[in-house]
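Per numbering that gives the first Met the number 0, the sequence shown starts with residue 0, numbered consecutively.
For every residue, glycine included, the Cβ atom is placed at its ideal position computed from N, Cα and C.
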Amino acid sequence: MICTKDTEVTFAGLSVVLKQVETSISPTSLNSWLSETQLLPVWIPLRINGGVTKIMPVLPNSVLYPNLMQSICQQIAQNTLVEWWQKSYELTGVEVDSHALHVIQVSVASAASLPTLGRAIHAQCFQWFANADTALAEHLHQQNTLPLTVAMQYVSPQKMQLRITLLKKELLAPLLWGLSTNLGESIMLAGIPCQLGKSIDILQASSFEKLLQATSQSVIELRFLSPTSFKQNRGVQPFPLPELVFNSLLRRWNTFASPELQFPEVEWNGLVSAYDLKTHALKMEGGAEIGAQGWVKYRFLDSQQARIATILAHFATFAGVGRKTAMGMGQVRLVESPSPG
Numbered sequence: 000m001i002c003t004k005d006t007e008v009t010f011a012g013l014s015v016v017l018k019q020v021e022t023s024i025s026p027t028s029l030n031s032w033l034s035e036t037q038l039l040p041v042w043i044p045l046r047i048n049g050g051v052t053k054i055m056p057v058l059p060n061s062v063l064y065p066n067l068m069q070s071i072c073q074q075i076a077q078n079t080l081v082e083w084w085q086k087s088y089e090l091t092g093v094e095v096d097s098h099a100l101h102v103i104q105v106s107v108a109s110a111a112s113l114p115t116l117g118r119a120i121h122a123q124c125f126q127w128f129a130n131a132d133t134a135l136a137e138h139l140h141q142q143n144t145l146p147l148t149v150a151m152q153y154v155s156p157q158k159m160q161l162r163i164t165l166l167k168k169e170l171l172a173p174l175l176w177g178l179s180t181n182l183g184e185s186i187m188l189a190g191i192p193c194q195l196g197k198s199i200d201i202l203q204a205s206s207f208e209k210l211l212q213a214t215s216q217s218v219i220e221l222r223f224l225s226p227t228s229f230k231q232n233r234g235v236q237p238f239p240l241p242e243l244v245f246n247s248l249l250r251r252w253n254t255f256a257s258p259e260l261q262f263p264e265v266e267w268n269g270l271v272s273a274y275d276l277k278t279h280a281l282k283m284e285g286g287a288e289i290g291a292q293g294w295v296k297y298r299f300l301d302s303q304q305a306r307i308a309t310i311l312a313h314f315a316t317f318a319g320v321g322r323k324t325a326m327g328m329g330q331v332r333l334v335e336s337p338s339p340g
């Protein structure tokens, strides 16, 4: 069990570890378990992983978490049994998430095949932020570089995974607070009823400091999972040239990393050593957006550039690259073990 009084910890979120038990003792409802706190948290289940059940107590602002943490630890010390979804549990620990970078996934099902949802999921995500803090949502709306990406990944025409990435730790709490009202419920996307899953999955969580520790690679393979394009001069370039990809990542890194972790400007001299790309159209309200999907291998002969490019390639999973990353474009994954090239 982790219970800390370290005031230096900055919270992104909390999760409570549950262990199911058979008991004749009447458990306390989880919703009233922390009744003495000023603002009751909402409880969001995480997808069960390795047989471990975890739920997140969520408040609209992460500055409220230190007091919540203290209340949870006090309650755990009393060995109180709780009821959650008509089952009895003992609470075996509480875990602190202090990461700045997150990849969150929620399942979505619809009764009909869905069109491209770029603007619809963008608007829905901002509505979730507004549910927690309207001023925050307005502030985000005015940003030139958003600290988030939003995309829908299709499992089948009627089954999808909504994928949201965050680049600032203080965004996790308001997003989950707003999202909590719709989990397990129906929402409208592009005029079509869609059912959200009852739980969320935090696929990845990391920090800028941790990414700096990545082992340098001279050959980097990136897989572009959704149509990707870049502004180049006065036009749009669909081919992910090294300087476009890594300058896009460098700008986002320097926008959201603390000053001591930022990189200087780089005159990239990377090469494309292999690729397999196709152009795809992503339908938007203003017309189709053309972008490239597939994979590209980049080679960096300069060791310092290779080091920075490797760090940024790991960052790409969270940041996306190129244009309209908050509307489904520019989703990227680093292929960690590229074949010899």
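To the nearest angstrom, report how far apart Gln108 and Pro26 are at their CA atoms.
Numbered from 1 along the sequence shown, position 109 holds the residue referred to as residue 108. Numbered from 1 along the sequence shown, position 27 holds the residue referred to as residue 26. Checking the sequence shown, residue 108 turns out to be Ala, not Gln. Cα to Cα, Ala108 sits roughly 34 Å from Pro26.
Which residues in the same chain as Leu276 place their Cβ atom closer than 8 Å to its Cβ, once the five residues preceding and following it in sequence are excluded?
Your numbering for residue 276 matches position 277 in the sequence shown. Correct list, in chain order: Phe223, Phe238, Pro239, Ala291, Gln292, Gly293, Trp294, Val295.
Using three-state DSSP, classify Ser272 as helix, strand or coil.
Here residue 272 is taken as the residue at index 273 of the sequence shown, counted from 1. Three-state result, Ser272: strand.
What is the rounded straight-line gap between the Cα of Ile43 and the Cα of Ser31?
Your numbering for residue 43 matches position 44 in the sequence shown. Your numbering for residue 31 matches position 32 in the sequence shown. Approximately 15 Å between the Cα atoms of the pair.
Since Met283 and Gly50 are thought to touch, with beta carbons under 8 Å apart, how far apart are those beta carbons, to the nearest angstrom?
On the sequence shown, position 284 is the one that residue 283 refers to. On the sequence shown, position 51 is the one that residue 50 refers to. The pair is not a contact, with the Cβ atoms about 42 Å apart (cut-off 8 Å).
Can you name, in chain order, every residue of its own chain whose Cβ lies under 6 Å from the Cβ of Lys53, other than the five neighbours on each side?
The residue you call residue 53 lines up with position 54 of the sequence shown. Result list for Lys53: Ser14, Val16, Leu45, in chain order.
Would the beta-carbon of Ser198 fall within 9 Å of that of Ser302?
Start at 1 with the first residue of the sequence shown, and residue 198 comes out as number 199. Start at 1 with the first residue of the sequence shown, and residue 302 comes out as number 303. Not in contact: Ser198 and Ser302 (Cβ atoms no closer than 9 Å).
Met55, DSSP secondary structure in three states:
For this step, residue 55 is matched to residue 56 along the sequence shown. Three-state result, Met55: strand.
As an exercise, report each continuous alpha helix (DSSP H) stretch of at least 4 residues that is fully enclosed by the region 122-208, in chain order.
133-140, 171-179
Look at the alpha carbon of Leu210 and the alpha carbon of Leu147, and state the distance between them as a whole number of angstroms.
Along the sequence shown, one-based indexing puts residue 210 at 211. Along the sequence shown, one-based indexing puts residue 147 at 148. Looking at the two C-alpha atoms, the distance is approximately 17 Å.
Report, in whole angstroms, the separation of the C-beta atoms of Thr351 and Leu260, which I expect to be a contact under 8 Å.
With the chain covering only 0 through 340, there is no way to say anything about residue 351.
Outcome for Gly321 when other beta-carbon atoms lying within 10 angstroms are tallied against a minimum of 16:
On the sequence shown, residue 321 is found 322 positions in, with the first residue counted as 1. By the neighbour-count rule (16 or more Cβ atoms within 10 Å), Gly321 is buried.
Suppose you measure from the CA of Gln157 to the CA of Met187; what does that come to, to the nearest Å?
Numbered from 1 along the sequence shown, position 158 holds the residue referred to as residue 157. Numbered from 1 along the sequence shown, position 188 holds the residue referred to as residue 187. Their backbone Cα atoms lie some 14 Å apart in a straight line.
Exposed unless 16 or more other CB atoms sit within 10 angstroms - verdict on Ile1:
Here residue 1 refers to the residue found at position 2 when the sequence shown is read from its first residue. With a pLDDT of 45 at Ile1, under the threshold of 50, the modelled position of this residue cannot be trusted, and the question is left open.
Any idea what DSSP makes of Glu94, helix, strand or coil?
As a first step, residue 94 is located in the sequence shown; it is residue number 95 there, counting from the start. Three-state DSSP puts Glu94 in a strand.
Residues of its chain near Ile71, where Cβ-Cβ distance is below 6 Å and the 5 sequence neighbours each way are ignored:
Position 72 of the sequence shown, counted from the start, is the residue given in the question as residue 71. Correct list, in chain order: Val93.
Val20 to Asn181, Cα distance in whole Å?
Along the sequence shown, one-based indexing puts residue 20 at 21. Along the sequence shown, one-based indexing puts residue 181 at 182. Cα-Cα distance, rounded: 29 Å.
Top-ranked residue by Cα proximity to Phe262, from Val271, Asn268, Trp252, Leu270
Walking along the sequence shown from the start, residue 262 turns up at place 263. The option with the nearest alpha carbon to Phe262 is Trp252.
So, Pro59 versus Ala172, is the Cβ gap smaller than 9 Å?
Within the sequence shown, the letter at position 60 stands for residue 59. Within the sequence shown, the letter at position 173 stands for residue 172. The answer is yes: Cβ separation under 9 Å.
Can the beta-carbon of Leu161 be found less than 9 Å from the beta-carbon of Val105?
Taking the first residue of the sequence shown as position 1, residue 161 is located at position 162. Taking the first residue of the sequence shown as position 1, residue 105 is located at position 106. Yes, they are a contact pair.
Who are the Cβ neighbours of Val149 in its own chain at under 6 Å, not counting the five residues just before and after it?
Stepping through the sequence shown from its first residue, residue 149 is reached at position 150. Counting only Cβ-Cβ distances below 6 Å, and skipping sequence neighbours, we find Ile120, His121, Cys124, Ile163, Ala325.
Using the three-state DSSP reduction, which class does Leu240 fall into: helix, strand or coil?
Here residue 240 is taken as the residue at index 241 of the sequence shown, counted from 1. Three-state result, Leu240: coil.
Can you tell me whether Gln37 is helix, strand or coil according to DSSP?
By one-based count along the sequence shown, residue 37 stands at place 38. Gln37 falls in the coil class under three-state DSSP.
In chain order, each alpha helix (DSSP H) run of at least 4 residues that lies wholly inside the region 300-331
302-318
Measure the alpha-carbon distance for Ser338 versus Met328 and round it to whole angstroms.
The residue labelled residue 338 in the question sits at position 339 within the sequence shown. The residue labelled residue 328 in the question sits at position 329 within the sequence shown. Caution is warranted here: a pLDDT of 45 is assigned to Ser338, below 50, making its placement in the model unreliable, and the coordinate value is therefore given only provisionally. Distance between the alpha carbons of Ser338 and Met328: 26 Å.
Could you check the C-alpha separation between Met151 and Gln77 for me, to the nearest Å?
Residue numbering aside, residue 151 sits at position 152 when the sequence shown is read from its first letter. Residue numbering aside, residue 77 sits at position 78 when the sequence shown is read from its first letter. The straight-line gap from Cα to Cα measures roughly 43 Å.
Among Ala129, Gly177, Gln74, Arg306, nearest to Val367 - alpha-carbon criterion
Because the chain is modelled from 0 through 340, residue 367 falls outside the range shown and cannot be assessed.
Using beta carbons (cut-off 9 Å, strictly below), is Gly286 in contact with chain B?
As a matter of chain content, chain B is missing from the structure shown, which is built from one protein chain.
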